[in-house]
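Start counting the sequence shown at 1; every next residue gets the next number (UniProt numbering). For every residue, glycine included, the Cβ atom is placed at its ideal position computed from N, Cα and C. Right, one structure below, let's go through it.
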Amino acid sequence: MASWRGDTVSRGWQGGDGEDVSWRGRNRDSRGTGRQSSRRSFGSHGRGRGIGERGLGNPNGSDETCRHFQRTGNCSRGSRCRFSHEVSNADGVLQQPRSRPEETPDQREARNAYSSWKYLIKSRPRSNDIHTIEILWEGALKILDGEDRDHKQMVPQDLENDEFFGREHIRVLLEMITHTNGAGTYVKLVQPFLDVMTHQALLDCLSVDTCVGNLYNFISGSNGSRAIPFFQNLMTNLLEIHYLSNQASTDNIERTLIAISTCLRELLRRERYALFHDDLPNVVTSLENSVAIIDVDQNSAAFAIIPSRIQEIQGMISRAKGLLHQEDQQQVDGVSTAVVSTYPREITLPQGRHDNDHMDITSIRILPTEGEIRSEAVEFLPSTDVDQPHFIADPAARLLDTHFRLLRHDIFGELKSVLGGLILSIEAEPSLLEDSRLSFANIRAHSYAKAQVADITFKHRRGLEAQISLSNPPQFARRSEKERGKWWEMSKRLTEGVLLCLLSFNGTKCTSIFLTVTRKSPRFELDHSLVLNKSRSIVTAKLATGSFNDLERLTLLKSSSATGILVELPSVILATFTPILENLQDMQRLNRLPFCQWILPDRRQFGSSATLDIPPPLYARGSRFAYSLDSILQDRSGGNLLIKPSESSFNDAGLIDEIEQRTELDRGQSEALLAALSREFCHIQGPPGTGKSFLGVKLVKVLLSCQTARLGPIIIVCYTNHALDQFLEHLVESGIDKVIRIGGQSKSKILDGKNLRLVSQGETTTKPEGNTLRASHSALENEERYVEKLLRQLNGLGDYPDWRSLKDYVAQHHYKIYQQFDRFDEEGFETVGGEPFDLWLRYNTEMVVQAPAFSETHTIDDLIEFANFNVHALHGNEKFILVRHLAEEARKEVTDYLFESITRTMQYNQTIQDVYSDKDRRVLQGADIIGVTTTGLATKMSTLKHVKAKVIVCEEAGEVLEAHMLSALLPSVEHVISIGDHEQLRPSTNNYNLSLESQAGASYKIDRSQFERLSVGDPGRLTLPVAQLNIQRRMRPDISRLIKTIYPRLVDHNVTKILADVVGMRKNTYWLDHTNFQDNANRDDADKKSHSNVWEVEMTAALVRHIVRQGIYSSSDVAVLTPYSGQLQKLRTHMGKEFEIVLSERDQEVLARDGFTTSDEKPDSPTSTFGDRKPLEKKNLSEFLRIATVDNFQGEEAKVVIVSLVRSNKENNVGFLRTTNRINVLLSRAQHGMYLIGNSETYSSVAMWKHVLGMLRETNSVGDSFALCCPRHP
């Protein structure tokens, strides 16, 4: 029989309540708990609108209709609402408001159940009242299992409400003890409580996450003092039930174990101090032992879930106690590869180099600190070779650590070096601050001299912003206001989101602040515009970090009017990588790496299989589960076709035959489909033209038909927006309509109405959410007024501060001085003509000295003491020393208040964001497909992890950095399908020295995707099985044979053998050989954007002109490719005179990155025209002509492809076209014909090019002229 510990309840309530409230007020790394004190202040803030402010004609004071009243016919604010409660139709005729819909019997029943439950928590619990405990938690569980969204959200809010007794009811349950034979009753009472606290309606609802966090905070108690004994007691009772098997079934025990492991994990995630409780390891051990003692069924969900939860918990404990790294720094022998040294070396530890050098990546700040920028120490960069030394022993933690550090260095490594050198140069030569033509080595950057913080503003929707005034680029000297506005509008400079670094010098030291552009205003009629002044421009930016130090530096720059230099870093957009890095930190913090056993394969044992044996996904392991292929069947005569993973294998020949015969899939695609459905972690390699996307669509259709598995939405993830749009378009065109696209970078018309932001606008808010939004907005409005007051005070604390800005500080800290500036003297006379302080400060004539003069040898404290005696006795210089000191101290105090206030506004905004995020979650939960980029997924991680999607399909996986792929592994995912080709383009990187193409990068290989690493395998380790598509339908055979050295199994489909010949050409595939050197052949190869070849430009244009004149090819049939942006620019300029040129968005970004404009071949030329203006008239021979760089044409195709290879030099240096990946992409884009223009001698220095030239020469397809023909006179 369960009972309570005597008077524990009453004593616990009175003695412990203050403790719990104080804990809730602290920021303890739990979502929402740190915001509790601010949330409680909502009620004290009003809108400040009285009835007198409302117009007499409209009792509600506004012509705008109340949306809530318009939608429901009711408004909870009644006459207090500031919006109109009059509804008009389209003709302007007033209509009667819609009446509230009549309540259904189910809704009435749900409302009554909620009211009855709420009545229970309004009363203090009584001793030994088992009945109340039972109906309280079973009632809460019934509400959460119901359909009423409002009531679901009210449950945690009511439990956490100080006006009710929810916490006391929780305390009573946690502190129950059992007597003899009472274990069954105890567990029966606790089970619904655990089900409530781990219910998805609580854990997945972002709107109530703050309340849920507060409840877990209470359950934990101080450092876990309440929760850990409870879990230990529960484990003891659970084992007692097991031994008395007649009292409970194994299924019920497994259910309880799942709830315990989930609740404990959730508690430790939110309450980090509980990780240090001495008895926590014993609880985890008991949980682990229980699984073995109870003999959990290996096919049950408990067998998969509980060990996974235990592993996460153990990892969190280990991290908290610092056990992830090896204690002994012994030497570790390296295992040799072809390029890595085998010499034994000691493990290097990342610590002590600077203020941002830490062993734990969760402690590393994303943006470089000033100490890090100044540091000359070599950065710690771990090798991706798992056999090389590393200070972390755990493989999963090491992998996350490695990719976090390498990705961060790829972004900031060269930038830190350049900024560090610039800081030292400025300190040696301060005049550099006025130089707007600084050199930045190999990084792309622009500098703006004489930069100042002109103003600091705050709006609660935009946050704190700084207006930075800067010198205009030199080319603006003779331009009109309109021309300047046009230049800024079309220029890619200072675009929203770009990183800025403001460097200033205080006479002894150069300091830096990172900001991001928030608003670019090229229109002259706007405030803070870029074009208001011929010599100065203003850009609006915000601090890139939320640190107090940066805010203090910003306010100091504003008050001192100091000038500096603004450095723009156009290639660094924080929003594109910060979410990835932060997600890797979170994964490390939580010790979470799904599919670790496949991502980090074991060593291969002698005589064993070389590949991993991967089981079906968890949801498909049941004996009754089967995939239905009905949605993709072409031949339905044999009935439905089922795949049962528990019975069939991935290489079941008979099943593959049937799939091939009854669907549109070929043999290779059928094998890949079966493999994807049979493995929880699957790679599918699709060589060019083999139908990767076609297979992907069929695969998604099959997965969508698995209704019984409750897969949730299928997440389609890609690295680029372009690839994502393409695949989602295929899905929509195939008839899948419930598709939601996350992110605003889509260029697809087909996906226009499917963006999350647009779709979620139609999702209504619940009543609790509405209350939260109103309270938060009200608090924000009040906070905004307070911040604006502080900013006005700050503006008055410049070089010549006024009394209005100083008096509050002086009155509080230097009251004797304050009294001496009182407007009223002892006899009551008032000083007129201004504030006494302002008059005193301007009065510089020597006054009668009534006390000893202040000496320069004295300290500021001496001066203040002197001023306390008689401030009016100070001389002119002494006045300014005193006033500057007071102003500086006041500025520091105002900045401190400002920081605290901004922190509060961020908390309010987070509360608001949580509400809208939960609306997004509800919309996403109802979708069939969610499309998102890897960066977008990381950005939306807090929302997507609550959607409970079980399947991720990654398209173009060979182009995804491993850091991005790791970040994409949502906690709920049970099935990962990666489709790509590691023989095509690798992921792009910023730092050449980290890539496989460089000798230095052989240890890091940051551009080796996870897809490539696992498909190819590391020496001595197991490889992931790869299903390869092998039938290509794109290229005619004499083109496809050029890449069959890479794909020996590639087969030409019959349709490729009957493709039409290229009209007007004697050969369908040909290499035009020449010896004309590239432009600036002697230039350093490092300047890759400069490579061009004018001779090839002219020859390419002539060939395009000839082919188009045949009149056969439409706008999308011809494509011109080149490896270099320099050549791309020349081709665009030259052929733009005859054709309407089409550039992909990616290539436009490449040209902008390398500084090219539409009509200039020189980067950022002062004489360049504005932006990408199109000529008014074209002598076009066809509608459009596509030109592109090779790197941005993967996934595309054209009937005729013309390639300008560019490189032609004495050294036979082919540049980055030496890699087989790029050669492969270049050679596999054409369908009917391909024509290469290049120096064969230069390209023969590369083995693959030599082989290609050899094959072309066998068919007389290499020569120094094109053989043309007339289709009418062959």
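For Met359, which residues from the same chain have a beta carbon less than 8 Å from its beta carbon, with the 5 sequence-adjacent residues on both sides left out?
-> Residue mapping note: residue 359 aligns to position 359 of the sequence shown, counting from 1. Cβ neighbours of Met359 beyond the five flanking positions: His325, Leu349, Pro350, Gln351 and Phe391.
With DSSP collapsed to three states, give me the class of Glu271.
-> As a working note, residue 271 is residue 271 in the sequence shown. In this structure, Glu271 counts as coil in the three-state DSSP scheme.
N- and C-terminal bounds of the alpha helix (DSSP H) containing Thr933 | By 1-based counting over the sequence shown, the position of residue 933 is 933. No alpha helix (DSSP H) holds Thr933; the beta strand (DSSP E) holding it covers Ile929 to Thr933.
If you run the structure through DSSP and keep just helix, strand and coil, what is His409?
-> Sequence index remark: in the sequence shown, residue 409 carries index 409 (1-based). The three-state reading of DSSP puts His409 in helix, counting H, G and I together.
How many angstroms separate the CA atom of Thr708 from the CA atom of Gln661?
-> Translated into positions along the sequence shown, residue 708 becomes position 708. Translated into positions along the sequence shown, residue 661 becomes position 661. Those two C-alpha atoms are separated by around 27 Å.
Who are the Cβ neighbours of Tyr1243 in its own chain at under 6 Å, not counting the five residues just before and after it?
-> Here the question's residue 1243 lines up with position 1243 in the sequence shown. Result list for Tyr1243: Val1214 and Trp1249, in chain order.
Straight-line CA distance for Ser512 to Leu566?
-> In the sequence shown, counting from the first residue as 1, residue 512 sits at position 512. In the sequence shown, counting from the first residue as 1, residue 566 sits at position 566. Our two residues, Ser512 and Leu566, have alpha carbons roughly 10 Å apart in a direct line.
Is His390 near the ligand ATP, judged by its Cβ being under 6 Å from some heavy atom?
-> With respect to the ligand ATP, the structure shown offers nothing to examine, as it has no ligands at all.
Measure the CB-CB distance between Arg124 and Phe164 and report whether it falls below 7 Å.
-> Residue mapping note: residue 124 aligns to position 124 of the sequence shown, counting from 1. Residue mapping note: residue 164 aligns to position 164 of the sequence shown, counting from 1. A distance of 7 Å or more separates the beta carbons of Arg124 and Phe164.
Would you mind stating whether Glu240 and Ala302 have Cβ atoms separated by less than 7 Å?
-> Within the sequence shown, residue 240 is the residue found at index 240, counting from 1. Within the sequence shown, residue 302 is the residue found at index 302, counting from 1. No. Outside cutoff.
From Leu642 to Lys754, what does the alpha carbon distance come to, in whole angstroms?
-> Sequence index remark: in the sequence shown, residue 642 carries index 642 (1-based). Sequence index remark: in the sequence shown, residue 754 carries index 754 (1-based). Taking the Cα positions, Leu642 is about 32 Å away from Lys754.
Inter-residue Cα distance where the pair is Ser726 and Ile716 = As a working note, residue 726 is residue 726 in the sequence shown. As a working note, residue 716 is residue 716 in the sequence shown. Note that residue 726 is Gln in the sequence shown here, rather than Ser. Going by the C-alpha atoms only, they are around 11 Å apart.
Cys205: buried (16+ other C-beta within 10 angstroms of its C-beta) or exposed?
-> The residue labelled residue 205 in the question sits at position 205 within the sequence shown. Here Cys205 is buried, its C-beta having at least 16 other C-beta atoms within 10 Å.
How big is the Cα-Cα spacing for Val386 and Gly1001?
-> Translated into the one-based positions of the sequence shown, residue 386 becomes position 386. Translated into the one-based positions of the sequence shown, residue 1001 becomes position 1001. Those two C-alpha atoms are separated by around 15 Å.
By DSSP, does Leu1256 sit in helix, in strand, or in coil?
-> Within the sequence shown, residue 1256 is the residue found at index 1256, counting from 1. Note: Leu1256 maps to helix in three-state DSSP.
Go to Leu996, then tell me how far its alpha helix (DSSP H) extends in each direction, as first and last residue.
-> Walking along the sequence shown from the start, residue 996 turns up at place 996. Here Leu996 belongs to no alpha helix (DSSP H), and DSSP marks it neither H nor E.
In three-state DSSP terms, what is Thr178?
-> Position 178 of the sequence shown, counted from the first residue, corresponds to residue 178. DSSP places Thr178 within a strand segment (E or B) once states are collapsed to three.
Would you decide whether Asp278 is buried or exposed? Buried here means 16 or more other CB atoms lie within 10 Å of its CB.
-> Here residue 278 refers to the residue found at position 278 of the sequence shown. Classified as exposed, Asp278 has fewer than 16 neighbouring CB atoms from the shown chains inside 10 Å of its CB.
Buried/exposed call for Ser1265, threshold 16 Cβ in 10 Å = As a working mapping, residue 1265 is identified with position 1265 in the sequence shown. Only exposed fits Ser1265, as fewer than 16 other CB atoms lie within 10 angstroms of its CB.
Going by other Cβ atoms of all chains shown within 10 Å of its Cβ, with 16 needed for buried, is Lys764 buried or exposed?
-> As a working mapping, residue 764 is identified with position 764 in the sequence shown. According to the sequence displayed, residue 764 carries Thr and not Lys. It is exposed - the Cβ of Thr764 has fewer than 16 other Cβ atoms within 10 Å.
Are Ser1245 and Asn1212 close, meaning C-beta to C-beta below 7 Å?
-> Position 1245 of the sequence shown, counted from the start, is the residue given in the question as residue 1245. Position 1212 of the sequence shown, counted from the start, is the residue given in the question as residue 1212. Closer than 7 Å, so yes.
Exposed unless 16 or more other CB atoms sit within 10 angstroms - verdict on Gly92 = As a position in the sequence shown, residue 92 is number 92, starting the count at 1. Caution applies to Gly92, whose pLDDT of 46 falls short of 50 and renders its modelled position unreliable; the model cannot decide the point.
Ordered along the chain, which non-local residues of its own chain (more than five positions away) have a Cβ less than 6 Å from that of Ile1112?
-> Translated into positions along the sequence shown, residue 1112 becomes position 1112. For Ile1112, where only same-chain residues beyond five positions count, the Cβ hits under 6 Å are Val1063.
Leu839, buried or exposed, once every other Cβ within 10 Å from all chains shown has been counted against 16 | Taking the first residue of the sequence shown as 1, we reach residue 839 at position 839. Under the 10 Å beta carbon count, Leu839 is surrounded by fewer than 16 other beta carbons and is classified as exposed.
What separation, rounded to the nearest whole angstrom, lies between the Cα atoms of Leu944 and Leu937?
-> Position 944 of the sequence shown, counting from 1, holds the residue named residue 944. Position 937 of the sequence shown, counting from 1, holds the residue named residue 937. A direct Cα-to-Cα measurement between Leu944 and Leu937 gives close to 7 Å.
Closest Cα partner of Gln1078 within the set Ile1237, Lys950 and Arg1021 | Here the question's residue 1078 lines up with position 1078 in the sequence shown. Here the closest residue by C-alpha is Ile1237.
Among Ser383, Arg1218 and Arg1041, which residue has its Cα nearest to the Cα of Pro687?
-> Taking the sequence shown and counting its residues from 1, one reaches residue 687 at position 687. If we check each option's Cα against that of Pro687, Arg1041 comes out closest.
Taking buried to mean at least 16 other C-beta atoms within 10 Å of its own C-beta, is Lys950 buried or exposed?
-> Taking the sequence shown and counting its residues from 1, the one referred to as residue 950 is at position 950. Flag for Lys950 reads buried.
Sequence-distant residues of the same chain with beta carbon closer than 8 Å to Gln1032, five excluded per side | Within the sequence shown, residue 1032 is the residue found at index 1032, counting from 1. The beta carbon of Gln1032 is closer than 8 Å to those of Pro687, Pro688, Gly689, Thr690, Ser1040, Leu1050, Val1051, Asp1052, His1053 and Thr1056 in its chain, skipping five residues each way along the sequence.
In whole angstroms, what separates the C-alpha of Cys263 from that of Asp251?
-> As a position in the sequence shown, residue 263 is number 263, starting the count at 1. As a position in the sequence shown, residue 251 is number 251, starting the count at 1. Each residue's CA atom was taken as its position, placing Cys263 and Asp251 some 18 Å apart.
Using DSSP with H/G/I as helix, E/B as strand and the rest coil, what is Asp158?
-> In the sequence shown, the residue the question calls residue 158 occupies position 158. DSSP places Asp158 in helix when its eight states are reduced to three.
Go ahead and pull the three-state DSSP assignment for Thr611.
-> As a working mapping, residue 611 is identified with position 611 in the sequence shown. Taken through DSSP and simplified to helix, strand or coil, Thr611 comes out as strand.
Since I believe Arg536 is in contact with Ala471 (beta carbons under 8 Å), could you give me their beta-carbon distance rounded to a whole number of angstroms?
-> Translated into the one-based positions of the sequence shown, residue 471 becomes position 471. Translated into the one-based positions of the sequence shown, residue 536 becomes position 536. The sequence shown places Ser at residue 471, not Ala. Right, their Cβ atoms sit about 6 Å apart.
Can Ile456 and Cys682 be called in contact, C-beta distance under 7 Å?
-> Position 456 of the sequence shown holds residue 456. Position 682 of the sequence shown holds residue 682. In this structure, Cys682 does not lie closer than 7 Å to Ile456 by Cβ.
May I have the straight-line CA-CA distance separating Thr384 from Cys596, to the nearest angstrom?
-> Mapped onto the sequence shown, residue 384 falls at position 384. Mapped onto the sequence shown, residue 596 falls at position 596. Each residue's Cα considered, the two are about 16 Å apart.
Any idea if Ile228 is buried or exposed, counting beta-carbon neighbours within 10 angstroms, 16 or more meaning buried?
-> Along the sequence shown, read from residue 1 onward, the residue named residue 228 stands at position 228. Result: buried.
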